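Report on the following structure.
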DNA sequence: TAAATATATATTGCGCACAATATAATTGTA
DNA sequence: TACAATTATATTGTGCGCAATATATATTTA
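Protein chains in written order, with our numbering: chain B, 88 to 248; chain U, 88 to 248.
Shown next as structure tokens:
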């Protein structure tokens, strides 16, 4: 009685494509965030960058992180991250400087305003989980499934060799 | 023993965000499709459009569909779809014409070449499901979860009023 | 039938994503 | 110490996504 039995006769049917459900659900979730993030003046990818920086701020030691760490964490490349960071910088949330000792790496730090924004952002996960309407167990199941999926895809990369 | 217990002390932790997992998994899946689609000369969104058109070709009656139906099906707007269709047209896969009887609507039809491409595309779901490495049950569970999520988000839209 | 409204698509502009390439600083090596 | 290779980031170009606006055809209404 699997869901896919409905019209599994056609492997190319749009509704049989998990990829489409993922793509579509992801855009729907981003859209659900949009009005809340707009109040903070952030886009969704910018919000993700801020999440990383807020974490990097909470850790002990010199607060901040490098562009490369950001790319790795969000699995985005510099073509995406560099201009995004420039926009965050001109919004006054982030400062970019080179690492003393290695002039190649860009060291990112939050401005006081960037740090303050965290408090306003705290309300967002609450609003969103209400909007998603999923229970904790469902959320955990979804999380588990998605991270497994991605782990397998990343692990499968070497196959290209 | 929920997954989120790990560091649920911080609701803003990146790894606690289902939204990020979704976003990241979706991009990873798209990336997994990319080499296969490249052989057909298609991007991922173009592939989704072709899936709809191939379906619309299989139905009885006049084959094809309108731009509006495409937008509705893929939940994309004309700003995305119109230029994409022009690219498919200049690639020789699609012809765009106006509907006789209502000159506002654009009627889309596959060219013979567009129809033929379907056969080559048939191999893609097979390759991909191998690459994803998920069993049928897992796939169905994921599908169920994602479509529920999206259904709730779409249903929740009126709340904005 | 003329004007107002609604519908379907197109256009513009901005911000991602990502491939490909470029640049600049660092490290390894002869 | 030069020179090659590596590493970190930046730049360029193409194709989405989406908000806002424009245009053109249909439909409704006065």
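Quick reminder that beta carbons are idealized off the backbone N, C-alpha and C, glycines included.
Bear in mind the structure is a predicted one, so any value in this text is a computation, not a measurement.
Contact note: residue 192 (chain B) does not reach chain U at a C-beta cutoff of 8 Å; the least C-beta distance is about 21 Å. The C-beta distance from residue 233 (chain B) to residue 112 (chain U) rounds to 4 Å, short enough to meet the 8 Å contact threshold.
In the three-state reduction of the DSSP assignment, residue 153 (chain U) falls in the strand class. Not a single CB atom of chain U sits nearer than 9 Å to the CB of residue 173 (chain B).
Contact annotation: residue 186 (chain U) and residue 140 (chain U) have beta-carbon atoms that are not nearer than 9 Å. Annotation for residue 184 (chain U): no alpha helix (DSSP H) segment contains it, though the beta strand (DSSP E) segment containing it runs 181-186.
When secondary structure is reduced to three states using DSSP, residue 227 (chain U) falls in the helix class.
108, 109, 110, 111, 112, 113, 114, 115, 116, 117, 118 and 119: these are the residues of the segment 108-119 of chain B whose beta carbon lies less than 9 Å from some beta carbon of chain U, given in chain order.
C-alpha of residue 99 (chain B) to C-alpha of residue 128 (chain U): approximately 17 Å in a straight line.
Closest by C-alpha distance to residue 235 (chain U), out of B:220, B:101, B:121 and B:231, is B:220. Counting the other Cβ atoms within 10 Å of the Cβ of residue 179 (chain U) gives fewer than 16, which makes it exposed. When DSSP states are grouped into helix, strand and coil, residue 164 (chain U) belongs to the coil group.
For residue 197 (chain U), the uninterrupted beta strand (DSSP E) segment begins and ends at 189-197. In this structure, the CA atom of residue 192 (chain U) is about 12 Å from the CA atom of residue 157 (chain U). Taking a contact as a CB-CB distance under 8 Å, the pair residue 105 (chain U) and residue 226 (chain B) counts as one, their CB atoms being some 6 Å apart. Secondary structure at residue 242 (chain U): helix, using DSSP grouped into helix, strand and coil.
Residue 225 (chain U) reaches chain B at 232, 235 and 236, counting residues in chain order whose Cβ is nearer than 9 Å. A Cβ of chain B is located within less than 9 Å of the beta carbon of residue 142 (chain U).
Only exposed fits residue 170 (chain B), as fewer than 16 other CB atoms lie within 10 angstroms of its CB.
Within chain U, the residues 101 have their CB atoms less than 8 Å from the CB of residue 139 (chain B), given in chain order. Not one beta carbon of chain U lies nearer than 9 Å to the beta carbon of residue 125 (chain B). Under the DSSP assignment, residue 144 (chain U) falls in the alpha helix (DSSP H) whose first and last residues are 131-145. For residue 240 (chain U), the closest alpha carbon among the candidates B:238, B:229 and B:217 is that of B:217.
Under the three-state reduction of DSSP, residue 209 (chain B) is assigned to coil, being neither helix nor strand.
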